[in-house]
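Reviewing the structure listed below.
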Amino acid sequence: MVESLQALDAVFPLDTDASGENLLVRHESLGGAARTLGAASVPEDPEGFGARSGFARSRGEPAPSPLALLRYYDQDRDYLPGVQRVAGRPAPGAPVGIDLPASLDAANAARLIHRAHRRAERARDTIVWRTTELDPAIAPGVEVRLPGHSGTWRVRAWEWCEAGVELELERRLPTATLETAPLTGSSGRYAPPVDLPPGETRLVAFELPLDTASAHSDAPRPHAAASSSSAGWPGAALYADPGTGTLEPLGATGRTRALLGVTANALPPANSLLLDRSSALDVTLPDPAMVLSGANTAELAQGVNLALVGEELVQFAKADPIGPGAWRLSGFLRGLAGSEAGLAAHAPGEAFVLLDTAIRPLDAALLSSAAEREVVALGRGDAAPVRTSVHLDGITRRPLAPVHPRRTRLPDGTVRFTWTRRARGAWRWADTLDVPLVEETEIYLLTLGDPEQPLASWQVLEPRIEISPATIATLGEAAITAPVRVRQAGTHALSPALLLGTLEAA
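Right, dumping it as structure tokens:
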């Protein structure tokens, strides 16, 4: 019985609860609505886990042998053994299979192994949370929310200790992320390839902003999105040109086509702090069969419909078809993840890429960081290599521009400038917590006048500076009306500049 339950648990996740008189085994989806836990309890013992915060969060390493196979009894083949594999590019390592003692059709088996694979990835992100609240409803399988942590978490186990109740939690992915395009499976019959021309490759390369949950702060995150107008496109080989003309292999794109296209109009400038309800962007996709969809507020908060438009990252709430392969997007969140510099630099004919699971990470070491670097693709339907530069070049390691400038003139004539620091990777608001530094040290560079040839410059270690009347007098009359700007000096780059104001009397 134990072996049967283990096999079922891999595809139909089960929760076990022995807190009562009987052992309760149930499907994890019966956990109920998410409950909100109170603040974590800090123990008196300084040697225990979470001595300062009351919790310990960790993310496990990827499994050396990924879950990728499901063996079952196929209903369409007189219950002979069948096998389904996870769709997409195989992960490194020998695949692990599940032997499920059940009869299924191929489509359901493919759906089950896909969900099991996604759940295995989810279980890598865990938190051990200590609480002093006794709630009988908090049992294995129950979904909870944590103060200061986004998303929902599932109780995997609990233990009553001297310092309180310790809950072992794992991240629960939104239901939408467990689904994909309708999956079809084969029971072993011959499935001929689509009899269509291979099509020409379309390619867009870009860097993504830092994601502190899954990437190191010193490592760039280059990616590529490849697609074609033909459903018969077999994929393409990718190469890195580090700016020297030599090509280094980066692997293959795979057959999955990314949702990319070209803009038909320029996206107007807008405020990155507000929902842009007035702008509309027309996008043409290479294949009329490709589809874009809208998203509600909750889905936008989960990162749905994140897209690259030129040099700006946006999210869109509405997608309306206006012709074969043509879509009108509206309801934008603009200038996301430090891409405000691209807000006012749009033009027709820019690249559009939906940043979903179809994009492919690239080896940053092979691509280098030279300004002349390019990503090259070559497929069977390409008469010549397809080349592209890297959009959002350097955004992974470049600090964000400071915000909220304030200018104050003190009674003695001293001019005080203050500002607020931001941090790359800190995209979600953590109430009561300071923004993490991320950089090795906190340093700001201030310039008076032209940043390239400043009349004066200063370096400070905190987000404020006071310029005395004596210093102002030595700068000369031309300096009084010159703009003062500040940039954060990061470990690898300088942030964009923030205008603070001038030294002249108010």
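All the letters of the sequence shown, read from the start, carry residue numbers 38 to 543 under the working numbering. Heads up, the beta-carbon is just placed ideally off N, CA and C, and yes, glycines get one too. Please read these numbers as outputs of a predicted model, since none were measured by experiment.
Looking at the unbroken alpha helix (DSSP H) that takes in residue i, where does it start and where does it end?
i, result
"residue 514", "514 to 517"
"residue 483", "Where residue 483 is concerned, there is no enclosing alpha helix (DSSP H), although the beta strand (DSSP E) it sits in stretches over 481 to 485."
"residue 338", "334 to 338"
"residue 370", "Segment 363 to 370 is the beta strand (DSSP E) holding residue 370; no alpha helix (DSSP H) there."
"residue 401", "401 to 404"
Between residue i and residue j, what straight-line distance do the alpha-carbon atoms span, to the nearest angstrom?
i, j, result
"residue 437", "residue 374", "8 Å"
"residue 443", "residue 352", "30 Å"
"residue 110", "residue 116", "5 Å"
"residue 175", "residue 49", "21 Å"
"residue 107", "residue 51", "18 Å"
"residue 302", "residue 80", "58 Å"
"residue 272", "residue 262", "11 Å"
"residue 388", "residue 405", "22 Å"
"residue 368", "residue 316", "7 Å"
"residue 342", "residue 134", "33 Å"
"residue 396", "residue 386", "21 Å"
"residue 345", "residue 338", "17 Å"
"residue 410", "residue 379", "20 Å"
"residue 503", "residue 454", "6 Å"
"residue 495", "residue 484", "7 Å"
"residue 501", "residue 268", "57 Å"
"residue 413", "residue 280", "12 Å"
"residue 439", "residue 509", "24 Å"
"residue 142", "residue 114", "9 Å"
"residue 423", "residue 240", "7 Å"
"residue 327", "residue 418", "20 Å"
Buried or exposed, going by whether 16 or more other CB atoms sit within 10 Å of the CB of residue i?
i, result
"residue 431", "exposed"
"residue 178", "buried"
"residue 466", "exposed"
"residue 357", "exposed"
"residue 67", "For residue 67, the pLDDT reaches just 49, beneath the cut-off of 50, and the residue's location in the model is therefore unreliable, although a value from the coordinates is still provided. Flag for residue 67 reads exposed."
"residue 376", "buried"
"residue 70", "exposed"
"residue 233", "exposed"
"residue 62", "exposed"
"residue 304", "buried"
"residue 428", "buried"
"residue 426", "exposed"
"residue 537", "buried"
"residue 516", "buried"
"residue 359", "exposed"
"residue 237", "buried"
"residue 121", "buried"
"residue 97", "exposed"
"residue 218", "Per-residue confidence for residue 218 stands at a pLDDT of 49, beneath the threshold of 50, marking its modelled position as unreliable; the derived number appears in the next sentence. By the 10 Å Cβ count, residue 218 comes out exposed."
DSSP has residue i in a bridge; who is on the other side?
i, result
"residue 451", "BP columns for residue 451 are empty, so no partner."
"residue 197", "202"
"residue 121", "107"
"residue 189", "209"
"residue 538", "521"
"residue 360", "363"
Can you check which of these residues, the options, is closest to residue i by C-alpha distance?
i, options, result
"residue 139", "112, 357 and 184", "112"
"residue 77", "535, 165 and 149", "165"
"residue 257", "247, 266 and 264", "247"
"residue 266", "314, 122 and 362", "362"
"residue 532", "504, 383, 479 and 516", "479"
"residue 285", "276, 291, 123 and 458", "276"
"residue 469", "41, 419, 90 and 118", "90"
"residue 384", "349, 512 and 396", "349"
"residue 206", "143, 92 and 198", "92"
"residue 461", "433, 483, 471 and 446", "433"
"residue 154", "105, 347 and 136", "105"
"residue 450", "505, 204, 457 and 199", "505"
"residue 318", "511, 325, 244 and 307", "307"
"residue 525", "96, 539 and 435", "435"
"residue 556", "204, 73, 390 and 202", "This structure cannot settle anything about residue 556, because the visible part of the chain is limited to 38 through 543."
"residue 200", "393, 168, 103 and 441", "168"
"residue 259", "482, 330 and 399", "399"
"residue 203", "170, 235, 187 and 209", "170"
"residue 103", "137, 512, 145 and 151", "151"
Does any residue of chain D have a CB that is nearer than 9 Å to the CB of residue i?
i, result
"residue 188", "Looking at the structure shown, chain D is missing, and only one protein chain is on hand."
I'd like the span of the beta strand (DSSP E) that includes residue i, first residue to last.
i, result
"residue 411", "411 to 416"
"residue 317", "313 to 321"
"residue 343", "343 to 346"
"residue 300", "297 to 300"
"residue 388", "388 to 391"
"residue 291", "Counting along the chain, residue 291 falls outside any beta strand (DSSP E), and DSSP gives it neither H nor E."
"residue 49", "Premise fails: residue 49 is in no beta strand (DSSP E) and is neither H nor E."
"residue 116", "Premise fails: residue 116 is in no beta strand (DSSP E) and is neither H nor E."
Give a single yes or no on whether residue i has its beta carbon closer than 8 Å to a heavy atom of the ligand COA.
i, result
"residue 297", "Among the ligands in the structure shown, none appear at all, so the ligand COA cannot be discussed."
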